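This report concerns only the one structure given below.
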DNA sequence: GTGCATACTTGCCGATAGGTGGGTATGCCG
DNA sequence: CGGCATACCCACCTATCGGCAAGTATGCAC
């Protein structure tokens with residue numbers, strides 16, 4: 017739980033798992049709502065936790081890409097059922113969220 | 017992710033899944049580090065999300081128990097692989113955490 | 001010289017998550 | 001009468017999380 021704690025980490029894992037080694041800029045574009053700071057920060061955490069590997073090609077302009085370590089792959093696997101669950105029950109869950117949202121806006 | 021977002025929710029799900037209908041006090045004792053406020057709050061959220069069912073026996077002294085809904089059960093199932101992953105890779109992961117902890121305490 | 005692209009870094013700031021310490025109602029037990 | 005047990009509720013406080021804006025180093029193209 018701690019390891020996937022972070023608003024965008026599951027998404028990062030997902031994209032890197034899908035696309036193989038992924039450049040920083042690709043991630044930025046893929047996950048449009050994330051800010052630079054947070055994306056980098058979460059990448060560093062994932063790296064520190066041994067889930068992704070950062071490869072710096074030492075070129076100019078800078079080129080860096082991120083890939084999954086074996087550990088990262090296994091985590092991605094373990095997340096699949098949860099992702100499936102989310103997709104399957106999207107309807108029921110998002111309905112509840114919608115209700116809660118209207119309730120909140122009416123209340124505040 | 018949103019639905020399991022909460023420091024203790026996976027644990028709650030786990031205990032309720034294991035033990036069937038569980039009284040509030042049992043949970044409190046099972047998850048010793050949680051505070052009343054947060055436990056109740058997370059239970060209410062799980063209930064609002066349709067994952068657990070609250071049964072109030074209207075007795076005095078109060079008796080209430082919590083059980084999983086079908087949706088809750090399916091979520092619990094989807095969490096199993098993740099839990100397994102955690103158990104299997106506990107060693108590698110907690111080692112990283114340990115290192116980070118000493119690093120932090122030395123730095124601050 | 002000016003601008004552009006890349007992959008970051010830094011400072012500030014508001015929202016929120018979770019913890020603490022109190023309080024509630026009810027009935028039984030001594 | 002005082003104390004205990006249960007399942008909560010409330011006010012307050014702090015740490016952290018994540019977003020925004022601006023800045024950095026380097027080389028190339030114009």
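Chains as they are written, first to last, in our numbering: chain L, 17 to 124; chain R, 17 to 124.
Glycine residues also receive a C-beta, built at the ideal position from the N, C-alpha and C atoms.
Please read these numbers as outputs of a predicted model, since none were measured by experiment.
message = Any contact between the region 71–89 of chain L and the region 20–38 of chain L? By contact I mean 3 or more CB pairs, one from each, below 8 angstroms.
response = yes
ask   = Interface residues of chain R around residue 72 of chain L at Cβ under 7 angstroms?
value = Going along chain R, no residue has its Cβ under 7 angstroms from residue 72 of chain L, so there is no contact; the nearest lies around 21 angstroms.
query = On the three-state DSSP scale, how would you describe residue 82 of chain L?
reply = Strand at residue 82 of chain L.
According to DSSP, residues forming a beta bridge with residue 72 of chain L = L/80
ask   = Around the Cβ of residue 92 of chain R, are there at least 16 other Cβ atoms within 10 angstroms (buried) or fewer (exposed)?
value = Around the beta carbon of residue 92 of chain R, 16 or more other beta carbons sit within 10 angstroms, so the residue counts as buried.
message = Let me check understanding here. Comparing Cα to Cα, which of L/31, L/63, L/23 lies closest to residue 43 of chain L?
response = L/31
message = What residue range does the alpha helix (DSSP H) around residue 37 of chain L cover?
response = Counting along the chain, residue 37 of chain L falls outside any alpha helix (DSSP H), and DSSP gives it neither H nor E.
inquiry  = What would DSSP say about residue 115 of chain L, mapped onto helix, strand or coil?
reply    = helix
Positions along the region 79–95 of chain L whose CB lies within less than 7 angstroms of some CB in chain R = 87, 90, 91, 94, 95
task = Report all residues from its chain with a CB closer than 7 angstroms to the CB of residue 123 of chain R; omit the five preceding and five following residues, and keep chain order.
result = Its pLDDT being 45, under 50, residue 123 of chain R is placed unreliably in this model, and the value from its coordinates should be taken loosely. No residues qualify anywhere along the chain.
ask   = Is it the case that the Cβ atoms of residue 94 of chain L and residue 24 of chain R are separated by a distance below 8 angstroms?
value = Their beta carbons are not under 8 angstroms apart, which means residue 94 of chain L does not touch residue 24 of chain R by this criterion.
Outcome for residue 76 of chain R when other beta-carbon atoms lying within 10 angstroms are tallied against a minimum of 16 = Residue 76 of chain R should be labelled exposed.
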